[in-house]
Amino acid sequence: MATKAGFRAQVKAKLAAMTTAERADQSALITEKLIKHPKFMCSKRISIYLSMPEEPSTWEILSSALRVGKACFVPRYASNRTHMDMLRVTSMEDVLGLPRTKWNIQQPAMVETDREDALQTGGLDLVLVPGLAFDSHGNRLGRGKGYYDTFLHRCRIPLPGALQTSSTESLGPYTIGLAFLEMLYPSVPVHEHDVIINEIISP
Numbered sequence: 626m627a628t629k630a631g632f633r634a635q636v637k638a639k640l641a642a643m644t645t646a647e648r649a650d651q652s653a654l655i656t657e658k659l660i661k662h663p664k665f666m667c668s669k670r671i672s673i674y675l676s677m678p679e680e681p682s683t684w685e686i687l688s689s690a691l692r693v694g695k696a697c698f699v700p701r702y703a704s705n706r707t708h709m710d711m712l713r714v715t716s717m718e719d720v721l722g723l724p725r726t727k728w729n730i731q732q733p734a735m736v737e738t739d740r741e742d743a744l745q746t747g748g749l750d751l752v753l754v755p756g757l758a759f760d761s762h763g764n765r766l767g768r769g770k771g772y773y774d775t776f777l778h779r780c781r782i783p784l785p786g787a788l789q790t791s792s793t794e795s796l797g798p799y800t801i802g803l804a805f806l807e808m809l810y811p812s813v814p815v816h817e818h819d820v821i822i823n824e825i826i827s828p
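Here you go:
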């Protein structure tokens, strides 16, 4: 099997060949499946990443979750280390007003200290996990920074003094990867520290 770097290059080339219409059509089907999923419907606290153009869109998922009153949290990535927090957003207007990083990703500003932190205030029931490629065993190939693997390991460690109200506090949250058909492979290269995803949703 190719190295992670080589595999990433292959996947990125495949995704770059997709048309805008193909991405939109597949994203709509993924969104429809996700918002009808029992785990999504019963989860009260959800982490939703803000998708980039080459990823399945999460914007309608986020809008739907906010509309029905779920507590929604989005990533804030630290640029100098593999640390990521999930911070609460309260409306689509709130989300659209978030600043952009040097990677052109919207996220809460590093200087913001008043947003609710998911792991400090009850944990998460569901985490939507981005990735470049997935296989049927739940293996995921990310972008190489390790943000989600590190964060999901943290989800399983109770923080001193933190509230623990999530129904999955001992095992960590349920994880779902969202994937275009072009992101699905029989197997992907992984390392022992990589976290297995519970389920993959594709068109």
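Note that our numbering has the sequence shown beginning at 626, numbered continuously upward. Ideal Cβ positions, reconstructed from N, Cα and C, are used throughout, including at glycine. Here the structure is a predicted model, which is why all the values come from computation and not from measurement.
Pull up the DSSP beta-bridge partners for residue i, would you.
i      : result
PHE759 : ARG765, LEU809
ASP710 : ARG701
GLU824 : ILE801
ILE660 : The partner list for ILE660 (beta bridge, DSSP) is empty, contrary to what the question assumes.
ALA696 : ARG670
VAL754 : GLY802
ASP742 : LEU712
GLN731 : ARG725
Would you mind stating whether residue i and residue j have Cβ atoms separated by less than 7 angstroms?
i      : j      : result
PHE698 : MET711 : yes
PRO733 : ARG706 : no
LEU751 : PRO798 : yes
SER672 : LEU723 : no
GLY756 : GLY802 : yes
GLU741 : ARG713 : yes
When you compare each of the options to residue i by their alpha carbons, which one comes out closest?
i      : options                        : result
GLU685 : HIS708, ALA653, ILE671         : ALA653
LEU809 : LEU675, LYS727, LEU640, CYS780 : LEU640
SER761 : PRO814, HIS778, ILE825, THR738 : ILE825
ALA569 : PHE665, GLU679, GLU657, GLN745 : In this structure the chain extends from 626 to 828, so residue 569 is not present and cannot be described.
ALA703 : ARG670, TRP728, ALA646, VAL693 : TRP728
GLY769 : THR746, GLU657, ALA804, HIS816 : HIS816
ARG692 : MET709, LEU675, MET666         : MET666
ASN764 : ASP819, GLY771, ALA804, ALA649 : ASP819
HIS778 : GLY631, LEU744, ALA804, LEU806 : LEU744
GLU657 : MET709, THR683, ARG781         : THR683
TYR674 : ASP739, MET735, LYS664, VAL720 : VAL720
Please return the same chain residues whose Cβ sits closer than 7 angstroms to the Cβ of residue i, not counting the five positions on each side in sequence.
i      : result
ILE660 : ILE686, SER689
GLY786 : At GLY786, the pLDDT of 48 sits below 50, so the modelled position is not reliable and the matter cannot be decided from this model.
GLY725 : Rather than Gly, the amino acid found at residue 725 in this sequence is Arg. Once the five neighbours on either side are set aside, the close Cβ partners of ARG725 are GLN731.
GLY771 : THR707
ILE655 : PRO681, LEU803, ILE826, SER827, PRO828
Once the 5 residues before and after residue i are set aside, which same chain residues still bring their CB inside 6 angstroms of it?
i      : result
THR775 : THR707
GLN758 : The sequence given here has Ala at residue 758, not Gln. Cβ within range, chain order: VAL636, LEU766, MET808, TYR810, VAL813.
VAL754 : TYR773, THR800, GLY802, ILE822
GLU794 : Confidence at GLU794 is low in this model, with a pLDDT of 44, below 50, so its placement is unreliable and the value that follows should be read with caution. Within the same chain, GLU794 has close Cβ partners GLY748.
LYS629 : PRO814
Measuring from the CB of residue i, is there a heavy atom of the ligand SAM at a distance below 6 angstroms?
i      : result
SER682 : What this structure holds is no ligand at all, so the ligand SAM is not there to describe.
Output needed for residue i: all residues of its chain with C-beta closer than 8 angstroms, excluding positions within five of it in sequence on either side, in chain order.
i      : result
LYS695 : SER668, LYS669, ARG670, ILE671
ALA634 : none
THR644 : none
SER716 : LEU691
MET709 : PRO700, ARG701, TYR702, ALA703, TYR772, TYR773, THR775, PHE776
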